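Heads up, the thing below is written out as structure tokens.
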Amino acid sequence: DATLKRTPTGGARRVHIDVQIKAKAAPSPTEPTFSHWLKLKNYDELRLTDADLDYPRLLVVVLVPDDLADWTRHSEPELAIRRCGYWLNLYGMPPTDNATGQSVTMFRTQ
């Protein structure tokens with residue numbers, strides 16, 4: 113989990129975003145969407161619509177190769193991370209009847 117903040121300067125608006133990051137070993141998707149399973153606790157936290165919540169909470173799913181050696185490459189002049197992360201805002205999603213979790217649809221355009 114991470115929080116991204118931008119401190120206001122010169123009248124700029126404060127920005128605050130909470131991000132829950134999940135890594136998933138999977139091939140690169142070829143369809144416009146793919147599914148990701150979230151534990152119920154995580155799903156409920158990300159979909160909250162509390163009146164006091166004044167900033168978004170995003171799910172980020174990073175698809176990684178099965179072999180860690182295929183995921184990163186590093187040297188003194190370069191740090192390269194292969195593959196991609198996709199984000200989804202679950203704010204306002206309905207509760208689930210499932211007792212363990214919920215599958216969500218991730219969009220490759222995000």
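Number 213 in this note's numbering belongs to position 101 of the sequence shown; there are no gaps in the numbering. The beta carbon of each residue, even a glycine, is placed where N, CA and C say it ideally should be. Nothing here was measured: the structure is a model prediction, and the numbers come from that model.
Residue nearest to residue i in terms of C-alpha spacing, selected from the options
i	options	result
His128	Ser147, Ala137, Ala114 and Asp182	Ala114
Gly204	Lys117, Glu157 and Thr142	Glu157
Arg223	Ala211, Leu191, Ser147 and Pro189	Outside the shown range of the chain, which is 113 to 222, sits residue 223, and nothing can be said about it.
Gly213	Pro177, Arg195 and Arg159	Arg159
Pro206	Thr121, Pro139 and Thr161	Thr161
Tyr167	Leu202, Thr121, Thr208 and Asp209	Leu202
Pro139	Gln222, Gly197 and Arg125	Gly197
Nearest-angstrom beta carbon gap, residue j and residue i [assumed within contact, 8 Å]
i	j	result
Trp199	Val216	Trp199 to Val216, Cβ: 11 Å. No contact.
Leu239	Ala211	In the structure as shown, the chain begins at 113 and stops at 222. Residue 239 is therefore absent and cannot be evaluated.
Start-to-end residues for the alpha helix (DSSP H) that takes in residue i
i	result
Tyr167	No alpha helix (DSSP H) contains Tyr167, which DSSP labels as neither H nor E.
Leu152	Leu152 to Arg159
Residue i, enclosing beta strand (DSSP E) - first and last residue
i	result
Thr208	Thr208 -> no beta strand (DSSP E), and no H or E assigned at all.
Asp130	Val127 to Ala137
Gln214	Gly213 to Phe219
Thr115	Ala114 to Arg118
Leu191	Glu190 to Ile193
Trp199	Cys196 to Asn201
Thr184	Thr184 to Ser187
6 Å CB neighbourhood of residue i in its chain, flanking five on each side removed
i	result
Asp130	Thr115 and Arg169
Asn154	none
Ala192	Arg185
Val176	Ala135, Ala137, Trp183 and Arg195
Arg118	Val127
Thr208	Gln214
Gln222	Tyr198 and Trp199
Cutoff 8 Å; reference residue i; Cβ partners in own chain excluding five residues on either side
i	result
Thr145	Thr217, Met218, Phe219 and Arg220
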